[in-house]
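Novice: Can you read through this structure? Questions will come right after.
In UniProt numbering, the protein residues as written are 1 to 86.
What follows is the structure, encoded as structure tokens:
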């Protein structure tokens, strides 16, 4: 979900809420497909949804999750800065 958050180009932020629903176990070695998307953006709030499905049979749902990310207004979380070390 973090990748989907950063793909929304909203800068840095943090997870305010994460809900995970495990639907069925995944056997070791099972090939899966992970899908994550931004559902909506409301000001500084970014709502996301994700699923883990069987790669060979997408009708098989292993896990679903929702999350709320909040974009940061802190100057300390603006990303990497160039530092002169000469």
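Backbone N, C-alpha and C fix where the C-beta goes; we use that ideal spot for every residue, glycine too.
Going straight from the alpha carbon of residue 1 to that of residue 40, what length do you get?
Specialist: Locating residue 1 in the chain shown gives position 1, where the first residue counts as 1. Locating residue 40 in the chain shown gives position 40, where the first residue counts as 1. Distance between the alpha carbons of residue 1 and residue 40 is about 13 Å.
Novice: Of all the options 26, 16, 5, 15, which has the alpha carbon lying nearest to the alpha carbon of residue 53?
Specialist: Numbered from 1 along the chain shown, position 53 holds the residue referred to as residue 53. Closest by alpha carbon: 26.
Novice: If you drop the 5 nearest sequence neighbours on each side, which residues of the same chain put their C-beta closer than 7 Å to that of residue 8?
Specialist: Position 8 of the chain shown holds residue 8. These residues qualify, in order along the chain: 38, 41, 46.
Novice: Helix, strand or coil, according to DSSP, for residue 11 in the structure here?
Specialist: By one-based count along the chain shown, residue 11 stands at place 11. Residue state, collapsed to three classes: coil.
Novice: Can you list, in chain order, the residues of its chain with a C-beta nearer than 6 Å to that of residue 34? Leave out the 5 residues immediately preceding and following it.
Specialist: Along the chain shown, one-based indexing puts residue 34 at 34. 52, listed in sequence order.
Novice: Going by beta-carbon coordinates alone, are residue 55 and residue 18 separated by less than 9 Å?
Specialist: Counting from one through the chain shown, the residue named residue 55 turns up at place 55. Counting from one through the chain shown, the residue named residue 18 turns up at place 18. No, the Cβ-Cβ distance between residue 55 and residue 18 is not below 9 Å.
Novice: On the criterion of 16 or more Cβ atoms from any shown chain inside 10 Å, does residue 43 qualify as buried, or is it exposed?
Specialist: Taking the first residue of the chain shown as position 1, residue 43 is located at position 43. Looking at its Cβ environment, which holds fewer than 16 other Cβ atoms inside 10 Å, residue 43 is exposed.
Novice: Please list, in chain order, all residues of the same chain as residue 3 whose beta carbon is under 8 Å from its beta carbon, the five residues on each side excluded.
Specialist: By one-based count along the chain shown, residue 3 stands at place 3. Cβ neighbours of residue 3 beyond the five flanking positions: 36.
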